[in-house]
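Here is the structure we will look at.
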Amino acid sequence: MTFRGDVSRSGGKARKGGGGRGMAVGGGLGGLLIVGLFLLLGGNPAEVQDMLGQGNDQGQVESGEQDTFDHCTSGEIANEDPECRLYYTSFSVNEMWERVLPEQAGLDYREPYLTLFENSVQSGCGMASSATGPFYCPGDESAYFDDSFFAQLEQLGGSDASFSQMYVVAHEYGHHVQNLEGTLGLSDYNDPGPDSNAVKIELQADCYAGIWGAHADSGPDAMLEPISDEELMSAITTAQAIGDDNIQQRSGGEVSPESWTHGSSEQRKEAFLAGYNSGQMSACDFLERGAYQNA
Numbered sequence: 000m001t002f003r004g005d006v007s008r009s010g011g012k013a014r015k016g017g018g019g020r021g022m023a024v025g026g027g028l029g030g031l032l033i034v035g036l037f038l039l040l041g042g043n044p045a046e047v048q049d050m051l052g053q054g055n056d057q058g059q060v061e062s063g064e065q066d067t068f069d070h071c072t073s074g075e076i077a078n079e080d081p082e083c084r085l086y087y088t089s090f091s092v093n094e095m096w097e098r099v100l101p102e103q104a105g106l107d108y109r110e111p112y113l114t115l116f117e118n119s120v121q122s123g124c125g126m127a128s129s130a131t132g133p134f135y136c137p138g139d140e141s142a143y144f145d146d147s148f149f150a151q152l153e154q155l156g157g158s159d160a161s162f163s164q165m166y167v168v169a170h171e172y173g174h175h176v177q178n179l180e181g182t183l184g185l186s187d188y189n190d191p192g193p194d195s196n197a198v199k200i201e202l203q204a205d206c207y208a209g210i211w212g213a214h215a216d217s218g219p220d221a222m223l224e225p226i227s228d229e230e231l232m233s234a235i236t237t238a239q240a241i242g243d244d245n246i247q248q249r250s251g252g253e254v255s256p257e258s259w260t261h262g263s264s265e266q267r268k269e270a271f272l273a274g275y276n277s278g279q280m281s282a283c284d285f286l287e288r289g290a291y292q293n294a
């Protein structure tokens, strides 16, 4: 079990969108995975469309009504239902940042939207498909997820275990925190490399996900049961699987650090653990801003 069975949440900034026939992105499962992994944990769907020569139809997300989550009445259900799991994770992450961001960065936290979709969705950053993978769009302050992507992630050596999926949600919400900090725009995929701002932004989001893990199972209002070693390892395995070096190797290419935009498997593991072991934003200061206070 991950969530405490007796916890209950409702409302929040959550919606469902998409359900269309989908958008052709890339070709073949391998191509879809690489495109998805470009966007997984931070990419912009508009950039993929530009690379593929597709149009960028800007607009608001086509979303369903909030009451589509009415069946998510308890943590027990969230442990079994994939949509409810992502929905409840958003509450856990939001509640943590509402405390931590003012304490450690002196900033007020504003919740992003959680948007779950099937097949395709219109976001504030352009059209995206299931092949896009999870992503955060600063244009509409929304994190987008199609839970079918987690099964594909296993093909790269990742895990689709519950806590692994929750780590991905926490990472995308980490990009929202960066947006609130005013640093997300420093990421530049046109200037890659192991020490690039693009990599530092991704590593910081991994570290922020670790901070969530450090706080998520502690305190009287904790939504999670104590995180087990097995659950922790599932998140680490996924962080390593989406390292640039692993993706390059599994796609049949050579490891090319100068092209990295998300960091190596080892970098991503260490970043997540830095946040998890400390619970402090100062441990995630990859941009060396010196803007954080230890709580």
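Numbering (numbering that gives the first Met the number 0), first residue to last: 0 to 294. Note that beta-carbon positions come from the ideal geometry of N, C-alpha and C, so glycine has one too.
Terminal residues of the beta strand (DSSP E) in which residue i lies
i	result
Ala127	125 to 128
Val254	Segment: none, Val254 is in no beta strand (DSSP E) and carries neither H nor E.
Tyr275	No beta strand (DSSP E) contains Tyr275, which is instead part of the alpha helix (DSSP H) from 264 to 277.
Bridge-paired residues (DSSP) for residue i
i	result
Leu317	Shown here, the chain extends from 0 to 294; a query on residue 317 therefore has no answer.
Cys136	Ser141
Leu223	Phe2
Ser119	Ser128
Sequence-distant residues of its chain with Cβ nearer than 6 Å to residue i (five each side left out)
i	result
Tyr188	Ala197, Thr260
Thr67	Lys15
Val99	none
Ser281	Tyr291, Asn293
Glu140	Pro111
Ile200	Ser186
Ala213	Tyr275, Gly278
His70	none
Ile76	Cys83
Neighbourhood of residue i by C-beta distance below 7 Å, restricted to the same chain and skipping five residues each side
i	result
Arg249	Leu155
Ser7	Thr72, Ser73
Gly63	At Gly63, the pLDDT of 44 sits below 50, so the modelled position is not reliable; the number obtained from the coordinates is stated separately. Arg14, Lys15, Gly16, listed in sequence order.
His170	Leu40, Ala204, Asp205, Ala208
Pro191	Ala197, Glu257, Ser258, Trp259, Thr260
Residue i Cβ short of 7 Å to the ligand FMN heavy atom set
i	result
Ala215	By its list of ligands, the structure shown contains no ligand whatsoever, and the ligand FMN lies outside what it can speak to.
Anticipated Cβ contact below 8 Å, residue i with residue j, distance rounded
i	j	result
Tyr143	Phe149	About 14 Å separates the two Cβ atoms, so there is no contact after all.
Phe90	Gly4	The pair is not a contact, with the Cβ atoms about 15 Å apart (cut-off 8 Å).
Ala208	Ala215	With a Cβ gap of about 10 Å, Ala208 and Ala215 do not count as contacting.
Gly138	Cys206	Between Cys206 and Gly138 the Cβ distance is about 24 Å, and since that is not below 8 Å, they are no contact.
Ser147	Thr237	With a Cβ gap of about 16 Å, Ser147 and Thr237 do not count as contacting.
Ser263	Asp244	5 Å
Ile235	Phe271	6 Å
Val92	Tyr166	Not a contact, Cβ separation roughly 10 Å.
Ser128	Ser122	Not really, about 11 Å apart at Cβ, beyond 8 Å.
Val168	Thr88	4 Å
His174	Ala204	5 Å
Met126	Trp211	29 Å between Cβ atoms; not a contact.
Thr1	Ser161	5 Å
Tyr108	Glu117	Incorrect: roughly 29 Å between the Cβ atoms, too far for contact.
Own chain, CB closer than 8 Å to residue i, minus 5 neighbours either side, in chain order
i	result
Glu302	The question about residue 302 has no answer, for the chain in this structure spans 0 to 294.
Gln266	Pro193, Val198, Leu202, Gly242
Leu106	Leu100, Leu179, Glu180
Asp159	Phe149, Ala150, Leu152, Glu153
Where the alpha helix (DSSP H) through residue i begins and ends
i	result
Ile246	243 to 249
Thr237	228 to 240
Thr67	No alpha helix (DSSP H) holds Thr67; DSSP gives it neither H nor E.
Ala290	Segment: none, Ala290 is in no alpha helix (DSSP H) and carries neither H nor E.
Leu85	81 to 104
Gly74	74 to 77
Gln151	148 to 152
### Query
Of all the alpha helix (DSSP H) runs that stay within the bounds of the segment 173 to 217, which reach a length of 4 or more residues?
Positions of the alpha helix (DSSP H) runs, each at least 4 residues long and wholly inside the segment 173 to 217, are given as 196 to 215 in order along the chain.
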